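Enquirer: I have a structure I would like to understand better, so I am pasting it below and will then ask my questions one at a time.
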Amino acid sequence: MSTTQNEHLHAGTPEAKQADFAGVGSTARGAHVDRPAPATHVEAPPAGPTSFAAALNTAMADAMAEDPTVVVFGEDVGKLGGVFRITDGLQERFGKDRCFDTPLAESGIAGMAIGMAMNGLRPVIEMQFDAFAYPSLEQIFSHIAKMHNRTKGKVKLPITIRIPYAGGVGGVEHHCDSSEAYYAHTPGLKVFTPAGVEDAYRLLREAIDSDDPVVVFEPKKMYWSKEQADLGALRAAHGTEAATRTEGSARVLREGSDATLITYGPSVPTALKAAEAAAEDGLSVEVLDLCTIVPLDDAAIEASVAKTGRAIVIAEASGFASVASELVARTQERCFHSLSSPVLRVTGFDIPFPAPKLEHHQIPSVDRILDTLDRLTWED
Amino acid sequence: MTENVSHSTTGEAERTTPGVSEACHRFGITLEDYLLPARGRISMMAPDGSLLPAEEQGTAPGHEYPRPSNERLLEAYKQLVRGRRINDQNAALVRQGRMAVYPSSHGQEACQVTVAMALEQRDWLFPTYRDTVAVIARGVDPNEVMTSFRGEWHQGYDPHEHHTSVEATPLTTQLLHAVGVAHAARLRGEDTVVIALCGDGATSEGDFHEALNFAAVFNLPVIFFVQNNGYAISVPLASQSVAPSLAHKAVGYGMAGERVDGNDTMALLSVLDRAVTLARGGSGPLLIEAETYRMQAHTNADDDTRYRESEEVAAWRAKDPLLRLRAYLVNEGLLTEAEEERIAAQAEETASALRDAMNADITPDPLELFDYVFTEPTPQLREQRAQLADELARDQEAEEA
Ligand SMILES: Cc1ncc(C[n+]2csc(CCOP(=O)(O)OP(=O)(O)O)c2C)c(N)n1
Ligand SMILES: [Mg+2]
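The listed protein sequences correspond, in order, to chains A and B. Sequential numbering of the first sequence, starting at 1, is according to the working numbering. Sequential numbering of the second sequence, starting at 1001, is according to the working numbering.
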């Protein structure tokens, strides 16, 4: 956390000092709170099958326990614990000053986060659904993304914006947008999108720790999917040398030598299934999960494509002028001499996200990925 | 009517529109008394359906309302019964897992029905996701309204046919559309009145402010009707606003506000009727807050036991709008048993049509996905359409093989 800024702004108020320097296990009260000390020794869920939702929830709880300047707010995040229950229990545990419902206004939520960040706090805000973040875009694009640049670094905005996104849950209109391109296109915003349970923990903690504003896109269809995970170990490792930094580093989830599937977020499980199906046909397909779109791990893409010579970019968002477009362009520019085939894409069509009964036609499928693998040039 | 600001010649300069001045004059009250809601909440029937004495109706000078005609009340009752049946049928279909989602207005039917009744065919209604019953009361085919909740398409009826816009989900965005329709009507020389609906939570959104201010500055015949049902999902009104009432917000825009018992069909009809008359006569916009209650969870996906007590819900059950109006009509001898049976049978017809539509299990044509993005598909969309058509044909072949 940016203690220098806090010291400057709060000089003289004893609570502020405590807040700024409270570490893990500290009994200090937050700068703004008149509440019991946060409980820092709540057990993490035991190692074992763990849901994506639990990982995000634990990440926020751990960040709040370690750093009293972390505050969580948004619509229905308090008593209800969010419509997806990702903030479940945070208000009960940390009090109403540290996890609270705002009036129903996304521009208000994002705009207030700016002021709170300017005054020493570290806001984590929740947008209820992808499309309901749109009223906040002026605050996000015009201020959150630009403040650091405009003030030559004098004002940092350590704001985390959590957005449940994408489809696959039978959601009605405005509840299934893949809006990552808008944010990724805006200089000054980092864009994370975890696809695994442990990465969900790591990336959300890294986002909260970051002195830059970070938009964390959470694939909502994964909230209740479980994977083997050890959140306790991740908590213990967090902030130490042992912690692997996920920001800016893509993961090879499956190794292969014939083609690379470059993907992120909700398309990762589909890409893995496609790679498995392709293996039955004798193709060795590598799957690369980008984890963060901004910053982007160009080196990992280059290394993989240099090895395989073929690549397909998979993303659920409409393809035109999208993150997928950027990935194809970069891969072509940087890996041209290793490529045996044009880089292809499997994305959503250029249509508004369809109603529940039609959504499966829009979401990249295993079949569509296999068809596209067939369309790669295979004879040299 | 004009949007020019006028200043009174006596005393302190009061900035207002001629439409508002005229209304003050008509009711013989000051600008402040006209713009502020009456002292209480306008209410005419007690929960048991008995008429409230004048001094308990919440009125104030210039805020008195005549009782609606018996015919109108009987018509409202018919609609209430049908509305309740629609809500409960849809909720059942969702519970059976046969429909994607349904935000029920169970308990709010009096609001739903009266906003539709207050308007003429040529007028416009701007509803939200919770206002299905109001949309149907405007004359839209129930099955067409349910298209979106069945998950077939985002919207199923033609807004022009019944002058009823799409059910808006992004909160309060529709209020500005309502202002636009009213402004266009003015420019076109039509005397259209527009009712725009939103919830209590939605009043916190920025668009709420913009819409009210635009309507007031342009002196447009828009009635903003807020169904204050106590909650925005889990968030109670107290966390949403600390204004004395939501109707008080009107004065800040220079428009008149009124607060009404949202479970009292009689009071709603009379307040809405007067508002429509005023707006059509050039008074400019009005804000009505109807105090009601969301009897069920926000949607089927919500668990309301996490944030409210069952005693609170039970207390509101005693104020049910349907039972209240029924009691009044029965006491007054206006509702015979035969009539009641007829009304119930009609409601049942609607419910059975909703079930039939559900059983029909319509699968929309996937290729339509490309047809309406633009008036004419772009070359790129034609290409993508062909790609999907090819996939579907291959799937078909594989299935047949
Ligand atoms: C701009 C926007 N933000 C958030 C939402 C998600 N959302 C849907 S309904 C709702 C609560 C609305 O409460 P209220 O206005 O009181 O209407 P009610 O549902 O009670 O009828 C919320 C937060 C949304 N639809 N649009
Ligand atoms: Mg409400």
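For each residue, glycine too, the CB sits at the ideal point set by N, CA and C. It should be emphasised that the depicted structure is a prediction, and the values quoted were computed from it without experimental measurement.
(1) So who's on the other strand from B:N1228, going by DSSP bridges?
(2) Considering B:Y1077, what are the terminal residues of the alpha helix (DSSP H) in which it resides?
(3) Give me the subset of the segment 85-110 of chain A whose CB atoms are less than 9 Å from a CB atom of chain B, sorted by chain position.
(4) Please indicate yes or no: does the CB of A:D101 lie closer than 6 Å to some heavy atom of ligand 2?
(5) Find the residues of chain A that neighbour B:H1154, judging by a C-beta separation of less than 7 Å, and give them in chain order.
(6) Can you give me the C-alpha to C-alpha distance between B:E1400 and A:V172, rounded to a whole angstrom?
(7) Quick one, are the C-beta atoms of B:M1045 and B:M1295 less than 7 Å apart?
(8) Measure the CB-CB distance between A:T160 and A:V77 and report whether it falls below 7 Å.
(9) Starting from the Cα of A:T347, find the closest Cα among A:E326, A:W224 and A:M147 and give me that residue.
(10) If you measure between the beta carbons of A:I163 and A:F217, is that distance less than 7 Å?
(11) How would you write the range of the alpha helix (DSSP H) that B:Y1065 sits in, first residue to last?
(12) Answer with yes or no whether the minimum CB distance from A:G170 to chain B is below 7 Å.
(13) Among B:S1283, B:G1083, B:G1097 and B:L1286, which one has its Cα closest to the Cα of B:N1300?
(14) Would you mind listing the alpha helix (DSSP H) stretches within the segment 248-281 of chain A that are 4+ residues and don't spill past its ends, in chain order?
(15) Can you pull the chain A neighbours of B:G1151, defined as C-beta to C-beta under 8 Å?
(16) Between the C-alpha atoms of A:V70 and A:L90, what's the straight-line distance to the nearest angstrom?
(17) Run the CB neighbour count on B:E1332, radius 10 Å, all protein chains shown included, and call it buried at 16 or more, exposed below.
(18) Tell me the DSSP secondary structure of B:C1111 in three-state form.
(19) Rounded to whole angstroms, what is the Cα-Cα separation between B:I1086 and B:P1377?
(20) By a C-beta neighbour count over all protein chains shown, 10 Å radius and 16 as the cutoff for buried, is A:Y183 buried or exposed?
(21) On the DSSP bridge assignment, give the partners of B:C1198 in chain order.
(22) Starting from A:Q228, follow the beta strand (DSSP E) in both directions and report where the run begins and ends.
(23) Closer than 7 Å, CB to CB, is A:H360 near chain B or not?
(24) Would you list the one or two residues that DSSP bridges to A:A311?
(25) Return the residues of the segment 217-238 of chain A that lie within a Cβ-Cβ distance of less than 9 Å from chain B, sorted by chain order.
(26) Looking at the C-beta of B:L1369, does it have a partner C-beta in chain A at a distance below 7 Å?
(27) Does at least one heavy atom of ligand 1 sit under 6 Å from the Cβ of A:Q128?
(28) Alpha carbon to alpha carbon, how far is A:D212 from B:S1283?
(29) I want to verify the contact list: residues of chain A whose CB lies under 8 Å from the CB of B:V1217, in sequence order.
(30) Quick one: is A:A39 buried, meaning 16 or more other Cβ sit within 10 Å of its Cβ, or exposed?
(31) Taking the alpha carbon of A:G170 as the reference point, which residue from A:E126, A:V287 and A:K221 has its own alpha carbon closest?
(32) List, in order along the chain, the chain B residues whose C-beta lies closer than 9 Å to that of A:E66?
(33) Kindly indicate which residue of A:T151, A:A229, A:L370 and A:I351 has the alpha-carbon position closest to the one of B:L1369.
(34) Name, please, each residue of chain A whose Cβ falls closer than 7 Å to the Cβ of B:S1204.
(35) Of all Cβ atoms in chain B, is any one closer than 7 Å to the Cβ of A:F52?
(36) So, for B:D1123: in the same chain, excluding its five sequence neighbours on each side, which residues have a beta-carbon less than 8 Å away from its beta-carbon?
Expert: Looking at the coordinates:
(1) B:E1291
(2) N1070 to R1095
(3) F100, D101, T102, P103, L104, A105, E106, S107 and G108
(4) no
(5) E173 and A355
(6) 32 Å
(7) no
(8) no
(9) A:E326
(10) yes
(11) It is not in any alpha helix (DSSP H) - B:Y1065 carries neither H nor E in the DSSP assignment.
(12) yes
(13) B:G1097
(14) 268-280
(15) G170, V172, A355, P356 and K357
(16) 12 Å
(17) exposed
(18) helix
(19) 37 Å
(20) buried
(21) B:V1226
(22) K226 to A229
(23) no
(24) A:T260
(25) none
(26) yes
(27) yes
(28) 51 Å
(29) Neighbours of B:V1217 on chain A: none; closest Cβ ~21 Å, over 8 Å.
(30) Below a pLDDT of 50, predicted positions are generally treated as unreliable, and A:A39, at 47, falls in that range; the measurement from the model is reported next regardless. Per the 10 Å Cβ criterion, exposed.
(31) A:K221
(32) Ordered by position in chain B, no residue passes the 9 Å Cβ test against A:E66, which lies about 28 Å from the chain.
(33) A:I351
(34) P103, L104 and A105
(35) no
(36) H1163, T1192, V1193, V1194, I1195 and V1276
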